[in-house]
Amino acid sequence: MALRAASVLFLLGSAQAAVTHTRFVCGQQTQIFTSTSADAAGTAEFSEITTEDGKCNMIQNANVASVKFCGPGKLTLSRMTCSEHHDYKAQIVEHSASDYTTQCEVISTAGTVVDGWLGSFTLSC
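Mapping of the sequence shown onto mature numbering (1 follows the signal peptide of the UniProt record, and there is no 0): residues -17 to -1, 1 to 108, in sequence order.
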């Protein structure tokens, strides 16, 4: 009986450890969305982009009008590709963990370095 109870506790502990080690980018509250269109009322329609910490994501889209950045982290927006000068003249937006828990900031691309072409972005913690 004691062996059976120990086995159950071991399995529960292993399952909990597996859940505990699930990794979110900058925490599960951090999310990135892009908008390339608006509804009939002119409200931006956003699509979520999944990413990993520090991974450069190719977007290569001339129609990105805004980026919604929710939660803490450092977002680097670039006209360049991931392999070619991603950091060159990039726009960097930082959200501290104390100021941004679940709040979102909508970043218009108009008048920025990515106006007319969002080549890539990186989210890091």
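The C-beta atom is built at its ideal place from N, Cα and C for all residues, glycine as well.
- Note that the C-beta distance between V47 and T19 is below 8 Å.
- For A27 against W100, the beta-carbon gap comes to about 18 Å, at or over 8 Å, which does not count as contact.
- The shortest C-alpha to C-alpha distance from F29 to any of T105, E77 and C87 is the one to C87.
- Judged by DSSP secondary structure, C39 falls within the beta strand (DSSP E) whose first and last residues are C39 to N44.
- Remark: C-beta atoms of G25 and S107 do not approach each other more closely than 8 Å.
- The beta carbons of C53 and T13 sit closer together than 8 Å.
- Positions of the beta strand (DSSP E) runs, each at least 3 residues long and wholly inside the segment 48 to 82, are given as 49 to 53, 56 to 61 and 74 to 78 in order along the chain.
- In the three-state reduction of the DSSP assignment, Q14 falls in the strand class, which pools E and B.
- The C-beta distance from S61 to A80 rounds to 24 Å, too long to fall under 8 Å, and the pair is not in contact.
- In the three-state DSSP reduction, T19 falls in the strand class (E or B).
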